[in-house]
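Novice:
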Amino acid sequence: MAAVLICVEILSLFEVSSGSTTTSWEHHIRADLLENYDRKVRPVFRGKREVEVLFALRVSRLVKVDNQEQVVVLDTWVIQEWKNEFLTWNASEYGYVQRIHFAPHEIWVPDIALFNNGDDEINLAGDQASL
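In mature numbering (1 follows the signal peptide of the UniProt record, and there is no 0), the protein residues as written are -19 to -1, 1 to 112.
1. Should the segment 55 to 63 be regarded as contacting the segment 31 to 41, the criterion being three or more beta carbon pairs within less than 8 angstroms?
2. Runs of 3 residues minimum, wholly inside the segment 35 to 67: which ones carry the beta strand (DSSP E) assignment?
3. Kindly confirm or deny that the segment 22 to 32 and the segment 82 to 97 touch, where touching means at least three C-beta pairs closer than 8 angstroms.
4. CB-CB under 8 angstroms to residue 38, same chain, minus the five flanking residues each way: which ones, in chain order?
5. Roughly how many whole angstroms lie between the Cα atoms of residue 71 and residue 11?
6. If you compare alpha carbons, which of 52, 18, 48 is closest to residue 114?
7. Return the CA-CA distance between residue 80 and residue 13, expressed in angstroms with no decimal places.
8. Terminal residues of the continuous alpha helix (DSSP H) containing residue 10?
9. What is the DSSP secondary structure of residue 84, reduced to helix, strand or coil?
10. Does DSSP put residue 74 in a helix, in a strand, or in coil?
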């Protein structure tokens, strides 16, 4: 009986690590984490706690300075960091994968507004269309 269980465990490990998209560790993590995930709910287990968001703006290049119009155009990166308590997993159960990536439309992102933004298409950090 023990030999059968070991064989089944080895086969299931082989299936998960075989490399196809539907059986990769990242696929399993994403499927498990997003199964009942609601991106509109703040990512805290105790609802009255705050979500601390670290925010930075990195200037990648100065595009234009117009003294007469008093306009400065910059290309920038908006950098946000926070802990999402709903998106954690035990790495030892998922092939020791430590980090995966999500698109902003898949998960909760802070609704930080960029005022005086020259791009009418993007109103919020995180590439969301509007509040």
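We treat Cβ as the ideally placed atom computed from N, Cα and C, and that holds for glycine. All of these numbers come straight from a predicted model, not from anything done at the bench.
Specialist: So, from the data block:
1. By the Cβ rule, the segment 55 to 63 counts as touching the segment 31 to 41, because three or more pairs are nearer than 8 angstroms.
2. Listed in chain order, the complete beta strand (DSSP E) runs (minimum 3 residues) inside the segment 35 to 67 are 35 to 47, 52 to 62.
3. By the criterion of at least three beta-carbon pairs nearer than 8 angstroms, the segment 22 to 32 is in contact with the segment 82 to 97.
4. Excluding sequence neighbours, residue 38 sits near 57, 58, 59, 60.
5. Computed Cα separation, rounded: 13 angstroms.
6. Outside the displayed range of the chain (-19 to 112) lies residue 114, so it cannot be described from this structure.
7. Distance between the alpha carbons of residue 80 and residue 13: 14 angstroms.
8. It spans 6 to 15 - the alpha helix (DSSP H) in which residue 10 sits, taken as one unbroken run.
9. Correct three-state label for residue 84: coil.
10. Looking at residue 74 - three-state DSSP - the assignment turns out to be helix.
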